[in-house]
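Number of protein chains: 2
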Amino acid sequence: MAVAHRPKDPQRREKIIAATLDVIAEHGISGTTHRRIAAAAEVPLGSMTYYFTGLEELLTEAFMLLATTTSARYVEILDAATTRAEAREAMVEIITGDIWETPRTLTLSYELYAFSIKNERVREVIRHWMSQSRVAIGRHFDPMTTYALDAAIEGLTIHRSFQPEITLDMVREIVDRLTRNDAPTASL
Amino acid sequence: MAVAHRPKDPQRREKIIAATLDVIAEHGISGTTHRRIAAAAEVPLGSMTYYFTGLEELLTEAFMLLATTTSARYVEILDAATTRAEAREAMVEIITGDIWETPRTLTLSYELYAFSIKNERVREVIRHWMSQSRVAIGRHFDPMTTYALDAAIEGLTIHRSFQPEITLDMVREIVDRLTRNDAPTASL
DNA sequence: CCGATAGGTGTACGCTTGTACACCTCACGG
DNA sequence: CCGTGAGGTGTACAAGCGTACACCTATCGG
Numbered sequence: 001m002a003v004a005h006r007p008k009d010p011q012r013r014e015k016i017i018a019a020t021l022d023v024i025a026e027h028g029i030s031g032t033t034h035r036r037i038a039a040a041a042e043v044p045l046g047s048m049t050y051y052f053t054g055l056e057e058l059l060t061e062a063f064m065l066l067a068t069t070t071s072a073r074y075v076e077i078l079d080a081a082t083t084r085a086e087a088r089e090a091m092v093e094i095i096t097g098d099i100w101e102t103p104r105t106l107t108l109s110y111e112l113y114a115f116s117i118k119n120e121r122v123r124e125v126i127r128h129w130m131s132q133s134r135v136a137i138g139r140h141f142d143p144m145t146t147y148a149l150d151a152a153i154e155g156l157t158i159h160r161s162f163q164p165e166i167t168l169d170m171v172r173e174i175v176d177r178l179t180r181n182d183a184p185t186a187s188l
Numbered sequence: 001m002a003v004a005h006r007p008k009d010p011q012r013r014e015k016i017i018a019a020t021l022d023v024i025a026e027h028g029i030s031g032t033t034h035r036r037i038a039a040a041a042e043v044p045l046g047s048m049t050y051y052f053t054g055l056e057e058l059l060t061e062a063f064m065l066l067a068t069t070t071s072a073r074y075v076e077i078l079d080a081a082t083t084r085a086e087a088r089e090a091m092v093e094i095i096t097g098d099i100w101e102t103p104r105t106l107t108l109s110y111e112l113y114a115f116s117i118k119n120e121r122v123r124e125v126i127r128h129w130m131s132q133s134r135v136a137i138g139r140h141f142d143p144m145t146t147y148a149l150d151a152a153i154e155g156l157t158i159h160r161s162f163q164p165e166i167t168l169d170m171v172r173e174i175v176d177r178l179t180r181n182d183a184p185t186a187s188l
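In structure tokens:
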């Protein structure tokens, strides 16, 4: 009984998941097919059903990757802040910074929300993302303010992508207003 | 030369557009097909290509209907307010009120945003919706505050749908903070 | 050096899709 | 009462889809 024949490419799965995000970003979920993903990941079509039960599972895993990656970026930016002023500026950076420079992340978010309607597990992923994000914000602000800021990221990001006239200074002013009545917490 | 044979059902087009929104709400754009729309509108398949050039046109028109309808509702609620306090309460109602009671409108919004990535005309529809909405809000608040409130509708609506613990009072508090430094305009 | 077997893939199947268009219906001018 | 043409539809077609699985490949214990 031979054991033999190790996987040639142990990263195959991850490569496919990453490629899935690329395909969604470019074609939307309705244009995302096994064949296109296989082409993007440069793997044979057969690998799709070998590594994943179906398209739905693949999409779900892809969105988990998106949430993890983006969420980690939030945490990174917020944890770098040590003063209240820095924390405010960190919020401004999250809203206006390079995460959303490319339309990619924003596009993927839209598809994520749309997909979440049909998939409870993805809804869970979103809730987890939001909660992670609240933990990071909550290190600097009280709970009430934290909810407000978290929602502000969402709203301002979206609106800025359609209305570029919303300047950096306006975002700063909005963050200021939202944090003005904050009851400072222990913080770090 | 006969003139003859008037359309049996002059509302056909509108009926199809309305049915399209229903199908999108239930199945998402990726599950929206000519056949399903035809079934929902109780119209033969042939009517699809008779009244609309293609699926894309149909989706575009459907989203125009969504924008018009929802936007009109905003205006209605905001125009009913005559004092500053009422205007603030109107904002709270828009964010927490019956527009979003059913997941329908929110679901459709997600699909709208996702679709806008691929369709310039729909992006234009969104910009128009936002601008209408800003006009209505702007009757009560200064421009800067208006942008903030408009974005707050978006962010809070979305976040509340995932985090029901965001209460009405929290929304009120957030609207308060955003409008506190407002430089009152002439208003009505 | 030779099975045996884990790992991986090419191909083919049944189905659904968007779309076009040949055809049908029937109100009306003559 | 008939012929005409505007209005509308059933049907058929090619393309593309998800998915399953028979088959191939290459390693390694013996």
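As you go down the protein sequences, you meet chains A and B in turn. Numbering of the first sequence is given in full-length UniProt numbering, commencing with residue 1 and proceeding in unit increments. Numbering of the second sequence is given in full-length UniProt numbering, commencing with residue 1 and proceeding in unit increments. Even for Gly, the Cβ is constructed at its ideal location relative to N, Cα and C.
Within-8 Å CB hit, residue i to chain A
{"i": "V3 of chain B", "result": "Confidence at V3 of chain B is low in this model, with a pLDDT of 47, below 50, so the placement of that residue is unreliable and no value is reported for it."}
{"i": "T107 of chain B", "result": "yes"}
{"i": "Y50 of chain B", "result": "no"}
{"i": "G46 of chain B", "result": "no"}
{"i": "E154 of chain B", "result": "yes"}
{"i": "I94 of chain B", "result": "no"}
{"i": "M144 of chain B", "result": "yes"}
Chain-ordered neighbours of residue i on chain A, where CB pairs are closer than 8 Å
{"i": "N119 of chain B", "result": "Chain A residues near N119 of chain B: none, gap ~10 Å exceeds 8 Å."}
Interface partners of residue i on chain A, CB under 7 Å
{"i": "I166 of chain B", "result": "Y147"}
{"i": "A40 of chain B", "result": "The premise fails here: A40 of chain B is roughly 18 Å from chain A at the closest Cβ pair, so nothing lies under 7 Å."}
{"i": "A81 of chain B", "result": "Correct list: empty, because the minimum Cβ distance to chain A is about 21 Å."}
{"i": "D150 of chain B", "result": "H159"}
Chain B contact residues for residue i, given Cβ-Cβ distances below 8 Å
{"i": "Q163 of chain A", "result": "R127, M130 and Y147"}
{"i": "A87 of chain A", "result": "The premise fails here: A87 of chain A is roughly 17 Å from chain B at the closest Cβ pair, so nothing lies under 8 Å."}
Cβ of residue i within 8 Å of any chain B Cβ
{"i": "S30 of chain A", "result": "yes"}
{"i": "Y74 of chain A", "result": "no"}
{"i": "E57 of chain A", "result": "no"}
{"i": "I158 of chain A", "result": "yes"}
{"i": "E111 of chain A", "result": "yes"}
{"i": "E101 of chain A", "result": "no"}
{"i": "A67 of chain A", "result": "no"}
Whole-angstrom C-beta distance between residue j and residue i, which should lie under 8 Å
{"i": "F52 of chain A", "j": "L58 of chain A", "result": "5 Å"}
{"i": "M130 of chain B", "j": "H159 of chain A", "result": "7 Å"}
{"i": "L156 of chain A", "j": "A151 of chain B", "result": "5 Å"}
{"i": "A41 of chain B", "j": "I16 of chain B", "result": "5 Å"}
Under 9 Å by beta carbon: chain B residues contacting residue i
{"i": "A136 of chain A", "result": "Here the premise fails: no neighbours, minimum Cβ distance about 15 Å."}
{"i": "A62 of chain A", "result": "None at all; the shortest Cβ gap to chain B is about 15 Å."}
Proximal residues of chain A, C-beta to C-beta of residue i below 9 Å
{"i": "A90 of chain B", "result": "Chain A residues near A90 of chain B: none, gap ~18 Å exceeds 9 Å."}
Problem - Residues from the stretch 10-25 of chain B in contact with chain A, defined by Cβ distance under 8 Å - result: none
Exercise for the section: Please name the residues in the stretch 171-183 of chain A whose beta-carbon is closer than 9 Å to at least one beta-carbon of chain B, in chain order. Expected result: Correct list: E173, I174, D176, R177, L178, T179, R180 and N181.
Exercise for the section: Tell me the start and end of each unbroken alpha helix (DSSP H) in the stretch 105-134 of chain A that is at least 4 residues and wholly inside, in chain order. Expected result: none
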